[in-house]
Each structure stands twice: as C-alpha cells, then as structure tokens.
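In what follows, a single structure is set out as structure tokens and then discussed.
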Amino acid sequence: MASEPPTLQIDFSWTAFQNRVSLKTDTTLQPLYTQHFRTLKPQLRFDSAPSNTPIATATIPSISITPSCTLHGRSLPLTPLSRWKTAYGYTSNVHSTEPVTMSWIANSSMKTWDFVCLDAAQLPVAKFSVNFWALKQVGMMYFQRVVSEEERDEIVVTGLTVLYLMASRLGNPLHLFGAAFAKTGEREKEGGEVGS
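In this note's numbering, the protein residues as written are 232 to 427.
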C-alpha cells in the first residue's frame with residue numbers, strides 16, 4: 232500500500248478504443264486498468280492492466296438511469312439518488328468492516344466535469360475531474376486518502392461507470408423518460424441536497 236494518496240490518469244486510445252487508467256507519479260505512469268468499450272451488453276469491461284484479467288463489467292441501459300456493475304464477481308448496483316441531478320449511491324463492503332453507503336455527485340463548468348465520491352459521513356474520498364474537450368486525456372482521479380487495492384478498484388469502476396452513464400444520458404432523449412419514472416434512493420426522499 233502506498234504512503235500517500237494516489238493520483239490516477241485516465242487516457243483514451245483512439246486506435247484501441249479503450250481507456251487506460253494509470254497511477255501517476257512525478258516521473259512515470261504505471262498502468263493499472265484497461266477499460267474496454269463494447270456496443271453490446273455489458274458495454275464497459277474493466278481489466279487489470281498488469282495481469283490483463285477481467286475484474287469488472289458495467290451495463291449502461293438504453294432508457295433506465297440505473298446502471299449495473301459487477302466487480303470481482305459480485306453485483307454492485309448503482310442507485311440514482313436524484314432524477315435530474317448527477318447523484319448515485321451504492322453499498323460498499325470494502326471501505327469498512329460493515330457495509331456503508333458511498334455516493335457520487337457532480338458539478339460542471341464549461342471545461343470540466345467534477346465527480347466526487349463521498350463516504351457514509353459525506354466526506355470526499357476521491358475526485359474525478361473530466362475534461363469535456365480533451366481528445367486523449369479523459370481526466371484525473373485524485374484520492375483524498377490512502378486506499379486499499381479493493382477500494383481503488385471499486386472507486387475506479389463506479390466512477391467511470393457514472394461518467395459514461397451521464398455521457399449517455401446527455402445524448403439520449405430516452406433517458407428523460409427513464410429519469411421521469413426512476414425509483415430514487417433515500418436522499419431525494421429526505422429532501423437533502425446532493426449536488427448538480
């Protein structure tokens with residue numbers, strides 16, 4: 232385990248049509264994951280870069296706003312916390328000895344889309360900054376603390392799944408119907424603010 236919070240760089244390869252997720256240090260990029268895009272379900276497949284073995288898949292639905300993930304053979308459902316704002320929650324078994332609710336929220340500007348992963352106490356665990364206009368470097372993921380490999384796997388898979396679900400929602404008018412009829416998580420019912 233590293234002694235300082237990791238920073239990951241996500242680069243898109245046009246020739247291979249995949250994302251490469253690497254650990255960024257002062258001088259090098261160490262490949263950690265490869266994310267493959269497919270037209271058929273599951274649309275996203277994540278491989279461990281060193282061993283080239285599959286670790287996760289994710290499905291982006293055509294109408295519903297509820298994606299599904301499988302990480303290391305177990306289901307990891309992402310639940311929308313709001314119909315119209317970027318806010319998704321999931322139950323994590325790797326951040327604590329007991330299952331805890333983690334969430335992703337987002338804010339955007341004209342250039343960047345910032346996704347923030349929050350723990351059960353609503354404290355930031357990681358920030359995924361995506362550049363709208365980039366052709367190759369998709370973005371950077373900054374962890375706020377040292378994390379285990381299992382935590383990192385979960386945050387990378389859920390973060391990239393939320394990114395590509397939201398990109399799909401922006402370009403697909405059918406997701407408006409999915410949002411209108413979506414069953415949301417507890418925060419919206421409680422009236423809490425979750426981000427934009």
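Backbone N, C-alpha and C define an ideal beta-carbon position, used for all residues, glycine too.
Just so it is clear, the structure is predicted and the values come from calculations on it, not from any experiment.
Cβ-based burial, residue i [other Cβ within 10 Å; buried from 16]
| i | result |
| --- | --- |
| Gly304 | exposed |
| Trp364 | exposed |
| Val377 | exposed |
| Ala318 | buried |
| Gly390 | buried |
| Phe268 | exposed |
| Leu239 | buried |
| Leu307 | buried |
Residue closest to residue i, alpha-carbon to alpha-carbon, out of the options
| i | options | result |
| --- | --- | --- |
| Thr284 | Thr290, Leu271, Leu302 and Ile291 | Leu302 |
| Ile250 | Leu263, Ala287, Ile241 and Thr256 | In the sequence as displayed, the identity of residue 250 is Asn instead of Ile. Minimum Cα distance to Asn250 is reached at Ile241. |
| Gln261 | Asn403, Pro237, Arg269 and Thr246 | Pro237 |
| Thr392 | Ser340, Lys255, Ser234 and Ser334 | Ser334 |
| Glu382 | Thr322, Leu366 and Ala398 | Thr322 |
| Leu271 | Ser293, Pro308 and Lys414 | Ser293 |
| Arg400 | Trp315, Arg269, Phe268 and Ser306 | Trp315 |
| Gln353 | Gln375, Asn362 and Asp257 | Gln375 |
| Gly402 | Ile296, Leu254, Asn362 and Ile286 | Ile296 |
| Asp257 | Thr246, Phe248, Glu235 and Thr328 | Glu235 |
| Ser340 | Asn362, Lys358, Val347 and Ser327 | Asn362 |
Residues near residue i in its chain [Cβ-Cβ closer than 6 Å; skip 5 each side]
| i | result |
| --- | --- |
| Leu396 | Ile291 and Pro298 |
| Gly416 | Thr310, Leu312 and Gly320 |
| Ala351 | Val331 and Thr332 |
| Gln368 | Asp242 |
| Val325 | Glu381, Glu382 and Glu385 |
Residues near residue i by beta carbon distance below 7 Å, same chain, minus five either side
| i | result |
| --- | --- |
| Tyr264 | Val252, Phe277, Asp278, Ser279, Ala280 and Val387 |
| Ser360 | Thr343, Asp345, Gly370 and Met371 |
| Ser244 | Arg251 |
| Ala410 | Ile296, Arg314 and Trp315 |
| Lys255 | Thr238, Leu239 and Gln240 |
Cβ-based neighbour list, residue i, same chain, cut-off 8 Å, excluding 5 preceding and 5 following
| i | result |
| --- | --- |
| Thr288 | Pro273, Leu275, Arg276, Phe277, Cys300 and Thr301 |
| Leu349 | Met333, Ser334, Trp335, Ile336, Pro355 and Val356 |
Q. Could you give the uninterrupted runs of the beta strand (DSSP E) lying entirely in the stretch 258-319, keeping only those of 3 residues or more?
A. 260-268, 275-279, 284-290 and 299-302
Q.
For a minimum of 4 consecutive residues, which ranges assigned as the alpha helix (DSSP H) are wholly contained in the stretch 351-402?
A. 380-402
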